[in-house]
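Each number in this note's numbering comes from the position in the sequence shown (counting from 1) with 1 added on.
Glycine residues also receive a C-beta, built at the ideal position from the N, C-alpha and C atoms.
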Amino acid sequence: MLTQLAIQDFAIVDHLELDLTGGMTAITGETGAGKSILLGALGLCLGERADAGSVRHGRERTDLSARFDIQHLPAAVEWLTARELPAEECLLRRVVTANGRSKAWINGHPATISDLKSLGEQLIQIHGQHAHHALMREETHLALLDDYAGLNGATAQLAETFREWRNARRQLKKLSEEGSEVEAKRQLLRYQVEELDQLGLAEGELATLEEEQHTLAHAEETLRETQFAADCCASDEGGALSLLNQAFAHLSALPGSDKGTLANTLAMLGDARIQVEEAASELNRLASTTELDPERLAWVEERMTDVHRIARKHHIAPEELCALHADLQREVAQLEEGGNDLEALSARVVELREAYRQEAKKLTESRQKAALRLGKEVQQQLGFLAMGKARFEVEVTAKDAPSLKALTACSF
């Protein structure tokens, strides 16, 4: 609703502020009183074409503004919100200079004249002596019929279904065009995953292989040296255990050896014998368990070579192969799901197309029924106006469109 109209230096008006309240306001006056000037000023605020002649004689510019209460105009609120403009109210301002230049603002923000026109269509309708020309525009026919029949909700739902169908088609086209690239990537990833599957490297296995390789590679040296050390400890001739036994026996044979300073020495020799005997036993055990297995060593070294070769191929450290394997498996799974998405999207496009056609068919039928009622009612009104010979008919025809175009047309 228009709540205020402010005019500064427009035509013959010096300054005028007109405040409007709820209800009907009638402005009357004789010819030349300035009624058309008010409409002209309002028209400029709504985006009509301006020229230098609209500026009051002797002034540099005309400044016009129109304020609207839009709390009951959801279309206007949506228009402002979509452009991130304040939507509590609507203030349109238009400035025209003496040289014919024009500037516009919407809620204090610079705007184009086309913006004023677009928003103005959501705010107000001006009916003048040539307003009937709107009936000649085909795009207004369906809107008038839908308003009469209360079909605006069905029309909005059809438009929403249309947008969903169009967006789904675009997504499907994009996925289809990218399909060859996705398939090539999927094949590469599958090959990489299969190669890592064949390798079958377990978490922590590389460290185990390195330890085993070190053990097998030095098995002969380990066997030789442990056997030599065991002989040093427990050899019958010249071994440490034999010498300790001899020393213990000689000292024990001395008179008073169980007392005095020799007692501590004998105790230490006894402990030493036990330690050497246990060391010799451990060395013999190690020597007995150390095996020379060149075939196993060759297998371990070959497996380690495969691990390092594949790691180099992916430009990562060998320790990172298990993590890479898991990442590649997830990526392949996502691409496989993408293929399912393509199928699901194709089905969705078909579903939306059928829904659109059914809704359009139902809307067309409703419009055709409403058209008959509208034609009869207007015909009755023509008779009431003593225009009985006039004929008014509303015809709704469906259009077969191969693409995403409207399926209904209306003509008066």
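Boundaries (first-last residue) of the alpha helix (DSSP H) holding Leu309: Per the sequence shown, the amino acid found at residue 309 is His instead of Leu. Start and end: 295 to 314.
Where DSSP assigns a beta bridge to Lys1, which residues make up the other side? Because the chain is modelled from 2 through 413, residue 1 falls outside the range shown and cannot be assessed.
With distances taken from CA atoms, which of Ala230, Glu196, Ala155 is nearest Ser367? Ala155
What residues in its chain sit with their C-beta under 6 angstroms from that of Cys46, if we drop five residues either side in the sequence? Leu65, Ala67, Leu93, Arg95
For Asp10, which three-state DSSP category applies? strand
Relative to the C-alpha of Thr216, which residue among Arg297, Glu49, Leu336 is closest? Arg297
Can you tell me whether Asp52 is buried or exposed, with buried defined as 16 or more other CB within 10 angstroms of its CB? exposed
Hey, Glu90 and Ile114: beta-carbon distance below 8 angstroms or not? no
Could you check which residue in Ala27, Asp10, Glu79, Thr162 has the C-alpha nearest to that of Ala361? Thr162
Do Ala77 and Leu120 have their CB atoms nearer than 8 angstroms? yes
Thinking Val308 and Leu197 are a contact (beta carbons under 8 angstroms), I'd like their distance in whole angstroms, please. At roughly 10 angstroms, the Cβ-Cβ gap does not stay under 8 angstroms, so Val308 and Leu197 are not in contact.
Straight-line CA distance for Lys370 to Glu139? 19 angstroms
Cβ neighbour criterion (16 or more within 10 Å) applied to Lys406: The predicted model places Lys406 with a pLDDT of 41, which falls under 50 and marks its position as unreliable; any figure quoted below should be read in that light. Lys406 is exposed by the Cβ-count criterion.
For Glu18, which three-state DSSP category applies? strand
What three-state label does DSSP hand Ser258 in the structure shown? In this prediction, Ser258 has a pLDDT of 48, which is less than 50 and means its spatial position is unreliable; what the coordinates show is noted afterwards. Looking at Ser258 - three-state DSSP - the assignment turns out to be coil, as it is neither helix nor strand.
Is His110 buried or exposed, if buried means 16 or more other CB atoms sit within 10 Å of its CB? exposed
Have a look at Leu336, Asn168, Glu303, Ala324 and flag the residue whose alpha-carbon is nearest the alpha-carbon of Glu213. Glu303
Compute the Euclidean distance between the alpha carbons of Leu173 and Arg374, then round it to the nearest angstrom. 43 angstroms
Which listed residue (Lys118, Ala235, Ile13) has its alpha carbon closest to that of Arg274: Ala235
Suppose you measure from the CA of Thr63 to the CA of Asp148; what does that come to, to the nearest Å? 38 angstroms
Applying the criterion that 16 or more other CB atoms from any shown protein chain within 10 Å of the CB defines a buried residue, is Tyr357 buried or exposed? buried
What did DSSP end up calling Asp147 once you bin it into helix, strand or coil? helix
Where Met2 sits in the DSSP three-state scheme: coil
Helix, strand or coil, according to DSSP, for Thr223 in the structure here? helix
Under 8 angstroms by Cβ, that's how I've got Ile317 and Leu325 pegged, so tell me the actual separation to the nearest angstrom. 6 angstroms
Only counting the same chain, and skipping five residues up and downstream in sequence, which positions put a Cβ closer than 6 angstroms to that of Ala280? Cys234
Thr26 to Met2, Cα distance in whole Å? 12 angstroms
Quick one: Cα of Ser258 to Cα of Val277, how far? A caution first: Ser258 carries a pLDDT of 48, below 50, which makes its placement in the model unreliable, though a value can still be read off. The alpha-carbon atoms of Ser258 and Val277 are separated by roughly 23 angstroms.
Determine whether the beta carbon atoms of Lys104 and Gly48 lie at a separation below 8 angstroms. no
Exposed or buried, Phe11, counting other C-beta atoms within 10 Å across all chains shown (16 or more means buried)? buried
Helix, strand or coil at His215 [DSSP, three-state]: helix
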